[in-house]
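In the numbering used here, the protein residues as written are 7 to 108. All C-beta atoms in this analysis are idealised placements derived from N, C-alpha and C, irrespective of residue type, glycine included. The structure presented is a predicted model; accordingly, all values stated were derived computationally and were not measured.
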Amino acid sequence: ENRLEEAYRMMNNINWAVFDEVGEESDYVRTMHREIQPYITTTRGLIPTSYFRSICDKFAMTFTEDYYNAIIRLKTISEQGSQQLLLDSSILKTLFLKLPVM
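What follows is the structure, encoded as structure tokens:
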């Protein structure tokens, strides 16, 4: 959780109410990816394979809850902002689906 505080702060600093351009993934998503990937790779090397999948599942559940709460705190979101959040969520979903094989 602490590793992702900066990314959540970046997410909160975006003015989603006047967001007007949907593009590639947001900077906060890139920051999350940079923090999650090395953590998972290191964890994979430290624990038995039989436990690794469970760790990934628990991490994904905790992250999903935190991410949902972060979105709820955004309050007003424009249509383009919601489309960008949908794109960002899709990219994060892809990342989490790849966690067990990283």
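What would DSSP say about residue i, mapped onto helix, strand or coil?
i    : result
R50  : helix
V28  : coil
M108 : coil
T37  : helix
Using the Cα positions of residue i and residue j, report the straight-line distance between them to the nearest angstrom.
i    : j   : result
R59  : R50 : 9 Å
Y14  : Y74 : 11 Å
Q90  : S32 : 8 Å
D63  : L52 : 17 Å
E12  : Q43 : 16 Å
L92  : T68 : 19 Å
L103 : I61 : 13 Å
V24  : I83 : 8 Å
K99  : G29 : 17 Å
Could you pull the start and end residues of the alpha helix (DSSP H) that residue i belongs to?
i    : result
F102 : 85-104
E11  : 11-19
R59  : 55-78
Candidates the options: which alpha carbon is nearest residue i's?
i    : options            : result
T37  : C62, F65, S84, D94 : D94
V107 : S56, R79, V24, L10 : S56
S88  : R9, N21, N8, F69   : N21
R79  : M17, N8, E12       : M17
L105 : E71, Y34, Y45, Q86 : Y45
H39  : E71, A66, S84, K81 : A66
D26  : L98, V35, Q86      : Q86
K81  : T70, N19, L10, Y34 : N19
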